Amino acid sequence: MDYSSCTPLATAPLNLTFAFALALCISVRHPSEAIARLSPVRPRSHPFHLSPFEFPPPQMLRQVDNELRKMTAFIKQEAEEKAREIKYKADQEFEIEKSKLVREETDAIDGQYQKKFKQATMSQQITRSTVANKTRLKVLGARQELIDGIFEEAQKKLAEGTKDKAKYQKALKGLILEGFYALNEPELQIRSRKSDFEVVKKAIEEASKEYKKELGKETTAKVIEDDPLADGIAGGVVIIGGGGKIDINNTFDARLKLLEDSAAPAVREALFGKNPNRKFFD
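The sequence shown runs -23 to -1, 1 to 259 under mature numbering (1 follows the signal peptide of the UniProt record, and there is no 0).
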């Protein structure tokens, strides 16, 4: 059979042919019905009669083509909208995750900074405190050295003062008289340097006279020559009473030590001024 006369189907675009077939499949209720419609042979009304192949009209093809175009456009639009929605949600999730990561990293950096800042601050405080303590100790050491030097110089002056016999005898008289008043006994003993025996004896006589004059009592004192004081001391005497159980150390060295202990705060204040941190004074 020659199908050259079937130019509408042969020359139709491929999409129209597909559209026609799709529309045909949609409109039938069973595949056999579609096959029957597409079959070029119709039931013969006469054994020798052949009917020509029937095609849908062009208007129907155009309608199907338009519907397919609309359906395609709709599907494409839906797909694009769905793609945009997916992209939008993905972008949102990305931004949320990015913000979360940035916040976590920022918090971690802030935490490390705060930790290092605290460590640096503590280190500075420790260093500052250490330097301040070292400086304070150096200042106190220098002050103490100066005070010690003053009293060492005073001790040298005391040793030199014994060279003037008249002044030394007067000083010994005062020291012995002080012991007389403190012990208030009729008989006492006195220790001194061996080189001072003679001047001490003279000072005892003068002190006894003044003691009697002031109190109206007699008192005597004997120099212990077999147990003298060391020659290395600056001078002075030790008055012994109470049967040898009580002694008053009135040597120059002991009196200077007593003065050093009691007068050190006054010396410091005179040299360096008042201490602003000191709340109580003697």
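Beta carbons: idealized from backbone N, C-alpha and C, even for Gly. Here the structure is a predicted model, which is why all the values come from computation and not from measurement.
Classify residue i: buried if its beta carbon has 16 or more other beta carbons within 10 angstroms, exposed otherwise.
{"i": "ASN227", "result": "buried"}
{"i": "VAL41", "result": "buried"}
{"i": "LYS150", "result": "buried"}
{"i": "PHE157", "result": "buried"}
{"i": "ARG78", "result": "First, the residue type needs correcting, since residue 78 is Leu and not Arg in the sequence shown. LEU78 is exposed by the Cβ-count criterion."}
{"i": "THR139", "result": "buried"}
{"i": "SER185", "result": "buried"}
{"i": "LEU192", "result": "exposed"}
{"i": "LEU135", "result": "buried"}
{"i": "ALA60", "result": "exposed"}
{"i": "GLY213", "result": "buried"}
{"i": "ALA50", "result": "exposed"}
{"i": "GLY219", "result": "exposed"}
{"i": "ILE73", "result": "exposed"}
{"i": "LEU206", "result": "buried"}
{"i": "SER239", "result": "exposed"}
{"i": "ARG21", "result": "Note that ARG21 has pLDDT 47, beneath the 50 cutoff, so the model's placement of it is unreliable and no number is given."}
If distances are taken between C-alpha atoms only, which option among the options comes closest to residue i?
{"i": "ASP203", "options": "TYR188, GLY219, GLU81, ARG170", "result": "ARG170"}
{"i": "GLN146", "options": "LEU160, ILE127, PHE157, PHE174", "result": "PHE174"}
{"i": "LEU236", "options": "ALA97, GLN69, ALA56, ILE124", "result": "ILE124"}
{"i": "GLU162", "options": "ILE181, GLU183, LYS194", "result": "LYS194"}
{"i": "LEU152", "options": "GLU183, ASP208, THR104, LYS134", "result": "GLU183"}
{"i": "ASP208", "options": "ASN43, GLY220, SER172", "result": "SER172"}
{"i": "GLY221", "options": "ARG80, MET99, LEU160", "result": "LEU160"}
{"i": "ALA180", "options": "LYS190, ALA148, ARG39, PRO205", "result": "ALA148"}
Would DSSP call residue i helix, strand or coil?
{"i": "ALA109", "result": "helix"}
{"i": "THR98", "result": "helix"}
{"i": "LYS222", "result": "coil"}
{"i": "GLY213", "result": "strand"}
{"i": "ILE201", "result": "coil"}
{"i": "THR49", "result": "helix"}
{"i": "ASN161", "result": "coil"}
{"i": "THR228", "result": "strand"}
{"i": "VAL18", "result": "With a pLDDT of 47 at VAL18, under the threshold of 50, the predicted position of this residue should be treated as unreliable, though the coordinate-derived value follows. Note: VAL18 maps to coil in three-state DSSP."}
{"i": "SER28", "result": "With a pLDDT of only 46 at SER28, under 50, the local geometry of the prediction cannot be trusted, and the value read off the model is given with reservation. In the structure shown, SER28 sits in coil (DSSP, three-state: anything other than H, G, I, E or B)."}
Whole-angstrom Cβ separation of residue i and residue j, contact assumed at under 8 Å?
{"i": "ILE167", "j": "LYS199", "result": "7 Å"}
{"i": "THR197", "j": "TYR188", "result": "THR197 to TYR188, Cβ: 10 Å. No contact."}
{"i": "LYS142", "j": "VAL108", "result": "Wrong, their Cβ atoms sit about 55 Å apart, outside the cutoff."}
{"i": "LEU165", "j": "ILE216", "result": "6 Å"}
Ignore the nearest five residues each way along the sequence and tell me which others in residue i's own chain have a CB closer than 8 Å to its CB.
{"i": "GLN132", "result": "ALA211, PHE229, ASP230, LEU233"}
{"i": "LYS178", "result": "VAL200"}
Tell me which residues share the same chain as residue i and place their Cβ nearer than 7 Å to its Cβ, disregarding the 5 neighbours each side in the sequence.
{"i": "GLU155", "result": "ASN227"}
Flag residue i as yes if its beta-carbon sits less than 8 Å from any beta-carbon of chain D, otherwise no.
{"i": "LYS134", "result": "In summary, chain D is missing from the structure at hand, where a single protein chain is found."}
Identify, in the order they occur along the chain, each residue of the same chain with its Cβ nearer than 6 Å to the Cβ of residue i, setting aside the five sequence neighbours on each side.
{"i": "LYS251", "result": "none"}
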